[in-house]
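Written below as structure tokens is the structure these notes are about.
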Amino acid sequence: MAATRHGRLAEVYAEASHSAQGQRAQGPARRAREWVVRFWDSSAIVPLVLVEPATTRVRAWLREDATVAIWTCTRVEVLSALARRRRAEPRMRRQIAAARREFLEAWPRWSEVTMIDAVKRLAERLVETHPLRAADALQIGAALVAAESEPETLEFVTLDSRQAEAAEREGFRVMHI
0 MAATRHGRLA EVYAEASHSA QGQRAQGPAR RAREWVVRFW DSSAIVPLVL
50 VEPATTRVRA WLREDATVAI WTCTRVEVLS ALARRRRAEP RMRRQIAAAR
100 REFLEAWPRW SEVTMIDAVK RLAERLVETH PLRAADALQI GAALVAAESE
150 PETLEFVTLD SRQAEAAERE GFRVMHI
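Using numbering that gives the first Met the number 0, the first residue of the sequence shown is number 0, and each one after it goes up by one.
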């Protein structure tokens, strides 16, 4: 698997911005559906910056709506995933370094959920209710905080099947491959 060339994510954002301007120009008749915010799990963020089987699909989702909500610990999760790949595939060191830079450059564009105590309380309930790992429960908890406990108002983007199932049971519309 090859990494993307540096700046590819910026191109996706440029396309999304151009598309959004065209939608706004069509006037207020366009309904809120076009402006839905998506909460992105780290499993869906990695293929945005590193070419994987899901890259085409997740980039298309980002083009549709470039408004990204994320959990504050997603940064560590993604950096960890990239570091693991770098160690496992030393030949890709340069590509992974470029993907890391691209991710860190995109981070400030995204809306970060930082309410740790609220997320932790929700995650504690989630691990009792669903067969989730702690990190996955924290992601769903952060999405619930972002949705202000109205999960039907937020799309949840993940590549993790177990997490997708739990998010659906919590009331989210899930975007999953």
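For glycine and all other residues, C-beta sits at the position ideal for the given N, C-alpha and C.
Remember, predicted model here, so these are calculated numbers, not experimental data.
Next item on the list: Return helix, strand or coil for residue 139, following the three-state DSSP convention.
Entry: For the purposes of this step, residue 139 is taken as the residue at position 140 of the sequence shown. In this structure, residue 139 counts as helix in the three-state DSSP scheme.
Check: Excluding sequence positions up to five away, which residues of its chain have a Cβ less than 7 Å from the Cβ of residue 28?
Finding: To locate residue 28, count along the sequence shown from 1; it is residue 29. In this prediction, residue 28 has a pLDDT of 32, which is less than 50 and means its spatial position is unreliable; what the coordinates show is noted afterwards. The answer is none, since no qualifying residue turns up.
Margin query: At 4 residues or longer, what runs of the alpha helix (DSSP H) sit wholly inside the stretch 47-123?
Written below: 54-63, 73-87 and 92-105
Item checked: Bridge-paired residues (DSSP) for residue 156 -> Position 157 of the sequence shown, counted from the start, is the residue given in the question as residue 156. 39 and 174.
Notebook entry, point to check: So, using beta-carbon positions, are residue 39 and residue 109 closer together than 9 Å?
Noted result: Stepping through the sequence shown from its first residue, residue 39 is reached at position 40. Stepping through the sequence shown from its first residue, residue 109 is reached at position 110. Yes, the pair counts as a contact, with Cβ atoms nearer than the cut-off.
Notebook entry, point to check: How close, in whole Å, do the beta carbons of residue 68 and residue 145 come, if the pair is a contact with beta carbons under 8 Å?
Noted result: Here residue 68 refers to the residue found at position 69 of the sequence shown. Here residue 145 refers to the residue found at position 146 of the sequence shown. That pair is a contact at about 5 Å.
Check: Distance, Cα to Cα, residue 102 vs residue 73?
Finding: By 1-based counting over the sequence shown, the position of residue 102 is 103. By 1-based counting over the sequence shown, the position of residue 73 is 74. Computed Cα separation, rounded: 11 Å.
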